[in-house]
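Structure first, commentary second.
Numbering (my numbering), first residue to last: 1204 to 1355.
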C-alpha cells in the first residue's frame, strides 16, 4: 500500500447542500485558514462563461461616482453579463480585480463586503486583486474580469 504524497485537499460545497445545484466546489487544503471573502481554489465542470474587463459604468457609459459605487455598478454589470448565458452568481469561479489604489480598496473593505453580498450573495470564488497604474477609462477606479461555469 502506498501513501499519497503532497498535501491532501478538502473539497467543500459553496454552501451546505448547494454543491450539486451550482456544480461548483470550493477547494480548501486541510489545516489552512479559511479565507475571508474569497476561495483558495474552485473546481467546476460545464459551460464556461468569461467576461472582459468590466468597469462601473451604466448603459450610457456614465461612471458611478466614487470607488464603492463603481464596484457596485461593476458587480451588477458582471451579474447582467453572465445572466445572458444563463449563469448565476453561484456559478462564478474566478474574479480578477484591478484597482488603481490598493489603499482605497483596503479602506472600504466593510462596505465592499456589503455591496458584494447584496449582488452575489455569500458565494466567494477564487479571486486575485492587482493594483495598476491606471485603467483605459481614466476616471475608472476598478475593473473586474469574471469567469463562471454553468453545470451541464
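C-beta: ideal position from N, C-alpha, C; glycine also.
- Exclusion of the five residues before and after residue 1331 leaves 1299 as the residues of its chain whose Cβ lies within less than 6 Å of its Cβ.
- Runs of the alpha helix (DSSP H) spanning 4 or more residues and lying entirely within the segment 1265-1305 occur at 1270-1286, in chain order.
- The three-state reading of DSSP puts residue 1318 in helix, counting H, G and I together.
- With respect to residue 1270, residue 1327 sits apart: the two C-beta atoms are not nearer than 9 Å.
- Within the same chain, Cβ atoms closer than 6 Å to the Cβ of residue 1323 are found at 1292, the five residues on either side in sequence being excluded.
- Taking a cut-off of 8 Å for Cβ pairs, the segment 1270-1286 and the segment 1331-1340 do not touch, as fewer than three such pairs fall below it.
- Residue state for residue 1312 is assigned as helix, using DSSP reduced to three classes.
- Rounded to whole angstroms, the gap between the alpha carbons of residue 1229 and residue 1253 is 19 Å.
- Taking C-beta atoms as the reference points, residue 1343 and residue 1273 count as a pair closer than 9 Å.
- For residue 1262, the closest alpha carbon among the candidates 1256, 1288 and 1276 is that of 1276.
- For residue 1348, the secondary structure class from DSSP, reduced to helix, strand or coil, is strand.
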